[in-house]
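Residue numbers for the sequence shown follow the numbering used here, so the first one is -16 and each next one is one higher. By construction, the Cβ of each residue, glycine as well, lies at the ideal position given by its N, Cα and C atoms.
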Amino acid sequence: MKKYLLSSLFVLGLALYSTVAAWAENVVYGLMPSSTYGARTTSFDIDALGATALKITPEFAFENAEEFKCGTSVGDKYYAFVVNRGVDAPAFVTLNFTTGKMVVVNDKSFTYGKPGFGANGMAYDEANEKLYTIEGVYDESLDAPATKLYSVDTTNGTLTEVATLNDSYKAIASDHKGGFYLVKVVSKDRKYYPVLYKVSADYKVTEAVANTTVNCSYTTFNSLVASKDGNTVYYVAGKSIFAFDVTAGTVEKKGDLNSNIAGVTFGKSSADGVAAENIPDDKPAAKRFLVMRRIYGSVMGDVPDDSKRTYYYYNVDGKEVGYANYGRLYTDLGTSDNFNIVDIAKPVFDENGNIVARNTYQWGQYDFLDYTFKKTPNCVTYKYNEAGQLVSDTTSLYYHEYIYNENGTLSILNTYNKYTKKLSQSIKYTYDEKGNVISYVSDGNYDYQKYNAEIDYDENGNKIEEYQYQVVDDPNMPGSTMNKSKQLESWKYVDNCLAEYQRFRYDDKGNAVPDFKTVYEPVVEGDYNDVYARDSSYFDNGKISKWMGESTYSRYTYADFTDMEKDTYMELTAEVDAKAYNTVNLKFTMPQLGGIQKCKFVIYRDCTPIDTLSLEDFVTNADPETGLCTYQDKLLKNGTYDYFIQPLFTAYSDDMMAADIDEPGIDDGGVVTPEENPEAEWIGYYSTTPVQVTVYTELPAVTDLALTGGEIKTSGSIANLQKTYYAGLSWKNPENITDYGFKKNSIYLGMQKQSLAEITKADSTNVNVELAFEEDTEAYVVTSYALGYAVSDTIAIKIKAIENAAGVEGVTVDGAVKATFANNTITLSDNATVSVFAANGQKVYEENNVTSVSLNNLPAAAYIVCVEKNGNVNAYKYRVK
-16 MKKYLLSSLF VLGLALYSTV AAWAENVVYG LMPSSTYGAR TTSFDIDALG
34 ATALKITPEF AFENAEEFKC GTSVGDKYYA FVVNRGVDAP AFVTLNFTTG
84 KMVVVNDKSF TYGKPGFGAN GMAYDEANEK LYTIEGVYDE SLDAPATKLY
134 SVDTTNGTLT EVATLNDSYK AIASDHKGGF YLVKVVSKDR KYYPVLYKVS
184 ADYKVTEAVA NTTVNCSYTT FNSLVASKDG NTVYYVAGKS IFAFDVTAGT
234 VEKKGDLNSN IAGVTFGKSS ADGVAAENIP DDKPAAKRFL VMRRIYGSVM
284 GDVPDDSKRT YYYYNVDGKE VGYANYGRLY TDLGTSDNFN IVDIAKPVFD
334 ENGNIVARNT YQWGQYDFLD YTFKKTPNCV TYKYNEAGQL VSDTTSLYYH
384 EYIYNENGTL SILNTYNKYT KKLSQSIKYT YDEKGNVISY VSDGNYDYQK
434 YNAEIDYDEN GNKIEEYQYQ VVDDPNMPGS TMNKSKQLES WKYVDNCLAE
484 YQRFRYDDKG NAVPDFKTVY EPVVEGDYND VYARDSSYFD NGKISKWMGE
534 STYSRYTYAD FTDMEKDTYM ELTAEVDAKA YNTVNLKFTM PQLGGIQKCK
584 FVIYRDCTPI DTLSLEDFVT NADPETGLCT YQDKLLKNGT YDYFIQPLFT
634 AYSDDMMAAD IDEPGIDDGG VVTPEENPEA EWIGYYSTTP VQVTVYTELP
684 AVTDLALTGG EIKTSGSIAN LQKTYYAGLS WKNPENITDY GFKKNSIYLG
734 MQKQSLAEIT KADSTNVNVE LAFEEDTEAY VVTSYALGYA VSDTIAIKIK
784 AIENAAGVEG VTVDGAVKAT FANNTITLSD NATVSVFAAN GQKVYEENNV
834 TSVSLNNLPA AAYIVCVEKN GNVNAYKYRV K
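Listed below in structure tokens is the structure:
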């Protein structure tokens, strides 16, 4: 279903359906806008209005005039800007109210960004015999809405800018004396008041009739027409008619109609215009971007839905600002509905907007098992010449050199081995007059790199065939050569979108044999912006030949970004906060379309979304002077980050546009807002170009790390005695450890990647850790903060030092009561009997039913300490110091 954005309906809050007309009798003519039937002619007596709504009935219908923008009479002709059915840009036409004929004078010059695209009023100056139109714009020099006044060449619709008028106006009318009237609708206390302005012959604007008492409904259909003497100006606002008495300076409501009317004029047209010839087509080429790829299935066949999703983002220059891959998660019961980030790609831009590097990063436990992005070897760097042409790129394996012709087309592509610097392959290109590559010659170090190619295109410039062949000696004609077919590739398109790719190889007899193909199947019939891509390989063993599909397939989703550059453009800056630790301040502008329709802002850090702001959030956080919204990304880990923002807008379908849901006091002409229809979708177009920021705070590590104790436990039999060594470590924590978001202290030994202990209390300063082997090693402490981590100095851990420091060795440790030794004191886990034996076996000490025992009264020597309870015994060898 085709989607329309409100950008085609609003330009900075200005109404689109406005017009003007010349003088005549009391009967006026106009058009009843309808997206269903097209604009329909009608007429009524403007003095017959009263308390009861006057019924107006349609006559002729201009079916192709799906949208009526503005129009007026010029003699016996009626000129207008309309939007033809199925076309996005307006056309300059004549409408014959007598015969019902519409003649398109020019439908090529008023595309997005060109004068006339948003025309919202038209007036004919009889005094100077010139047709004029107005268009609402945003004047960047004034930083405010403004109105452009153009003269119109009725023979071809050419617009010539005459003046820029401050402020925005709904409609324009001629005063028949070389000047104009304008109407502006002022909002006050949630009510709308029409105010009339006068434009002099030198384009000075002054207030003609003030108004703070007679209010009107908001509408998108606005007309302004002046009486013959110019003293009465009628304002037609949708269904309501107002009259400004210029002499008395008053305004009154004349009455209402039973239907909306636009393009009101006093003259009934009876003649036709002539279609202009040789008008260049200004319609921009469609800008279609891949925004999402899904991969369905798996090699094992255990994923019923998509297993991987990739999202792509682009700036207004059409350059990719990054992509992110997500993988489906698994649970104990199978697959999950959730996805997690897998890897990303981030480009690096230079000051000219060129991509100078494209780096890929893998998500994983790389910073001492904390999750972070780690740069992979699969990165590419690019270099450009002064003309902005790519002259080289370097991958993980190859270096490519680009050499150009004088006309800027690529002449030669050389490929070198990155490490040996030797030329591997060279390709020379030939072009047609349109700049398409029609052939190339490849030469290289290996036979498979030596071949020629010829390329064919369709009328739209799409490549449809590439034939590769090798020039070899002709075995039948010595001294002559022949072409030996190598490979054939073909592409097929539907509605200018790729529908099938196929590759053929050639057998020994020179016959083309199917090899591989990809079929692009629309998810919804006829819509090639959302397609399944299914790969198949051709199987042929001499007996059976068939296409065999792959176990996985893809779904590609594209979006049309045509004409969205100006509407969605945003500026983004980023800087490190001067006070807060590792905090980045983002400042960004409102896109032009964002102030007109529903909009929200997705903030990305390293290609992953971190937050979404609503339009209300933007307004709340915007600086009233600069209009910039500020967003803080707080407590980041030390590192370099890339930010971009993508605005999202509401989109509407044909069905949504058809219904007219009237609100009290509002006639919106069929536009359905998100509040009125919850089926409205959010869609994104261009993103900002990434900005890069580095944050760093020096983080304190623990100090005074030392081996302060040890323990040796033995197990097994006398013949196979196993010893386990424990190191007692202590350290001093930084005084301001909590200022940086302290998380934990992790103890590492040697080259081990896994920490042996993790202490999460900021006041803990010691721990016992088990050595994996009975050998000397090293120890260090990694302190993890919200801002990153700090690593302590490394100390040596020697087995001999553990034995000397601890003075204790577990002989048997099977009892229920455990003992710990420190400073000649034994601490028990429960009440028990403690017996101490000298080396000669003599019992030298015993205490019953105790939880701690001091051995300070014993001479310095080695003892056997037995801890007994309920027949269970733990025995330790301990040295009293």
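What do you reckon, is the C-beta of residue 809 under 6 angstroms from a heavy atom of the ligand SAH? Judged by which ligands are present, the structure shown has none, so any question about the ligand SAH falls away.
Neighbourhood of residue 297 by C-beta, 8 angstroms cutoff - its chain only, sequence neighbours within 5 removed: For the purposes of this step, residue 297 is taken as residue 314 along the sequence shown, with counting starting at 1. For residue 297, where only same-chain residues beyond five positions count, the Cβ hits under 8 angstroms are 272, 303, 304, 544, 669 and 670.
Does the separation of the CB atoms of residue 93 and residue 99 fall below 7 angstroms? Numbered from 1 along the sequence shown, position 110 holds the residue referred to as residue 93. Numbered from 1 along the sequence shown, position 116 holds the residue referred to as residue 99. Yes, the Cβ-Cβ distance between residue 93 and residue 99 is below 7 angstroms.
Put residue 735 into one of helix, strand or coil per three-state DSSP. Along the sequence shown, read from residue 1 onward, the residue named residue 735 stands at position 752. Residue 735: coil per DSSP, three-state reduction.
Taking only three categories from DSSP, how would you classify residue 806? Along the sequence shown, one-based indexing puts residue 806 at 823. The answer is coil: DSSP assigns residue 806 none of H, G, I, E or B.
The segment 704 to 724 / the segment 741 to 761 touching (three or more Cβ pairs under 8 angstroms): yes
Along the alpha helix (DSSP H) that carries residue 163, what are the first and last residues, could you check? Residue numbering aside, residue 163 sits at position 180 when the sequence shown is read from its first letter. Here residue 163 belongs to no alpha helix (DSSP H); instead the beta strand (DSSP E) covers 163 to 171.
Considering only the alpha carbon of each residue, which of 845, 826, 816 and 810 lies closest to residue 837? Counting from 1 along the sequence shown, the entry for residue 837 is found at position 854. Comparing Cα-Cα distances from residue 837 to each of 845, 826, 816 and 810, the minimum goes to 810.
Does the beta-carbon of residue 15 have 16 or more other beta-carbons within 10 angstroms, so that it is buried, or is it exposed? Start at 1 with the first residue of the sequence shown, and residue 15 comes out as number 32. Looking at its Cβ environment, which holds 16 or more other Cβ atoms inside 10 Å, residue 15 is buried.
Suppose you measure from the CA of residue 435 to the CA of residue 299; what does that come to, to the nearest Å? Working through the sequence shown from its first residue, we reach residue 435 at position 452. Working through the sequence shown from its first residue, we reach residue 299 at position 316. C-alpha separation (whole angstroms): 37 angstroms.
Closest Cα partner of residue 804 within the set 695, 717, 734 and 737: By one-based count along the sequence shown, residue 804 stands at place 821. Minimum Cα distance to residue 804 is reached at 695.
Assuming residue 214 contacts residue 192 under a Cβ cut-off of 8 angstroms, what Cβ separation, rounded to an integer in Å, is found between them? The residue labelled residue 214 in the question sits at position 231 within the sequence shown. The residue labelled residue 192 in the question sits at position 209 within the sequence shown. So it is not a contact: roughly 11 angstroms between Cβ atoms.
Can you look up residue -16 in the DSSP assignment and give me helix, strand or coil? Position 1 of the sequence shown, counting from 1, holds the residue named residue -16. The pLDDT assigned to residue -16 is 33, lower than 50, so where the model puts this residue is not dependable; a value taken from the coordinates is nonetheless given after this. Reduced to three states, the DSSP call for residue -16 is coil.
Taking a contact to mean a Cβ-Cβ separation below 7 angstroms, would you say residue 151 touches residue 128 in this structure? Numbered from its first residue, the sequence shown carries residue 151 at position 168. Numbered from its first residue, the sequence shown carries residue 128 at position 145. Going by C-beta atoms, residue 151 is nearer than 7 angstroms to residue 128.
Whether residue 206 touches residue 219 by CB criterion (7 angstroms): The residue given as residue 206 occupies position 223 in the sequence shown. The residue given as residue 219 occupies position 236 in the sequence shown. Going by C-beta atoms, residue 206 is nearer than 7 angstroms to residue 219.
How would you label residue 615, buried or exposed, when you count the other beta carbons within 10 angstroms and need 16 or more for buried? Here residue 615 refers to the residue found at position 632 when the sequence shown is read from its first residue. With fewer than 16 Cβ atoms within 10 Å of its Cβ, residue 615 is classed as exposed.
Please report how far the alpha carbon of residue 27 lies from the alpha carbon of residue 246, in whole angstroms. Indexing the sequence shown from 1 puts residue 27 at position 44. Indexing the sequence shown from 1 puts residue 246 at position 263. Whole-angstrom Cα-Cα distance: 13 angstroms.
Quick check on residue 761: does DSSP put it in helix, strand or coil? The residue you call residue 761 lines up with position 778 of the sequence shown. If DSSP states are grouped into helix, strand and coil, residue 761 belongs with the strands.
What did DSSP end up calling residue 93 once you bin it into helix, strand or coil? Counting from one through the sequence shown, the residue named residue 93 turns up at place 110. Looking at residue 93 - three-state DSSP - the assignment turns out to be coil, as it is neither helix nor strand.
Assuming residue 62 and residue 137 make a contact with CB atoms under 8 angstroms, what is their CB distance in whole Å? In the sequence shown, the residue the question calls residue 62 occupies position 79. In the sequence shown, the residue the question calls residue 137 occupies position 154. Sure, about 6 angstroms apart at Cβ, within 8 angstroms.
Cα separation between residue 333 and residue 369? By 1-based counting over the sequence shown, the position of residue 333 is 350. By 1-based counting over the sequence shown, the position of residue 369 is 386. In a straight line, the C-alpha of residue 333 is about 13 angstroms away from that of residue 369.
Closest by C-alpha distance to residue 556, when choosing among 568, 288 and 564: Taking the first residue of the sequence shown as position 1, residue 556 is located at position 573. Among 568, 288 and 564, the Cα nearest to that of residue 556 is on 568.
Under the three-state DSSP convention, the category residue 571 falls into: Indexing the sequence shown from 1 puts residue 571 at position 588. In this structure, residue 571 counts as strand in the three-state DSSP scheme.
Where residue 114 and residue 135 are concerned, what is the direct C-alpha to C-alpha distance, given to the nearest angstrom? Stepping through the sequence shown from its first residue, residue 114 is reached at position 131. Stepping through the sequence shown from its first residue, residue 135 is reached at position 152. Between residue 114 and residue 135, the C-alpha separation is close to 5 angstroms.
Going by CA-CA distance only, name the one from 280, 800 and 825 that's closest to residue 856. Residue 856 sits at position 873 when you count from the first residue of the sequence shown. Comparing Cα-Cα distances from residue 856 to each of 280, 800 and 825, the minimum goes to 800.
Only counting the same chain, and skipping five residues up and downstream in sequence, which positions put a Cβ closer than 8 angstroms to that of residue 190? Position 207 of the sequence shown, counted from the start, is the residue given in the question as residue 190. Taken in chain order, the residues that qualify are 178, 179, 180 and 181.
On a CA-only basis, which of 117, 162, 275 and 487 is nearest residue 512? Give me that one, please. Within the sequence shown, residue 512 is the residue found at index 529, counting from 1. Comparing Cα-Cα distances from residue 512 to each of 117, 162, 275 and 487, the minimum goes to 275.
Per DSSP, the bridge partner or partners of residue 937: In the structure as shown, the chain begins at -16 and stops at 864. Residue 937 is therefore absent and cannot be evaluated.
Looking at residue 812 and residue 849, is the spacing between their C-beta atoms short of 7 angstroms? Here residue 849 refers to the residue found at position 866 of the sequence shown. Here residue 812 refers to the residue found at position 829 of the sequence shown. No.
Could you tell me the alpha carbon to alpha carbon distance between residue 328 and residue 341, rounded to whole angstroms? Walking along the sequence shown from the start, residue 328 turns up at place 345. Walking along the sequence shown from the start, residue 341 turns up at place 358. Cα-Cα distance, rounded: 7 angstroms.
Quick check on the DSSP output: the alpha helix (DSSP H) that includes residue 270 runs from which residue to which? As a first step, residue 270 must be located in the sequence shown, where it is residue number 287. Counting along the chain, residue 270 falls outside any alpha helix (DSSP H), and DSSP gives it neither H nor E.
On a CA-only basis, which of 51, 486, 480 and 452 is nearest residue 499? Give me that one, please. Along the sequence shown, one-based indexing puts residue 499 at 516. Residue 486 is the option with its Cα nearest to residue 499.
Cα-Cα separation, residue 321 to residue 312: Counting from one through the sequence shown, the residue named residue 321 turns up at place 338. Counting from one through the sequence shown, the residue named residue 312 turns up at place 329. Residue 321 and residue 312: Cα-Cα distance of roughly 6 angstroms.
Would you list the one or two residues that DSSP bridges to residue 275? To locate residue 275, count along the sequence shown from 1; it is residue 292. 294 and 540, per the DSSP bridge assignment.
Taking all protein chains shown into account, decide if residue 601 is buried (16 or more other Cβ within 10 angstroms of its Cβ) or exposed. In the sequence shown, counting from the first residue as 1, residue 601 sits at position 618. Buried: at least 16 other Cβ atoms inside 10 Å.
Can you tell me whether DSSP reads residue 832 as helix, strand or coil? Along the sequence shown, one-based indexing puts residue 832 at 849. Correct three-state label for residue 832: strand.
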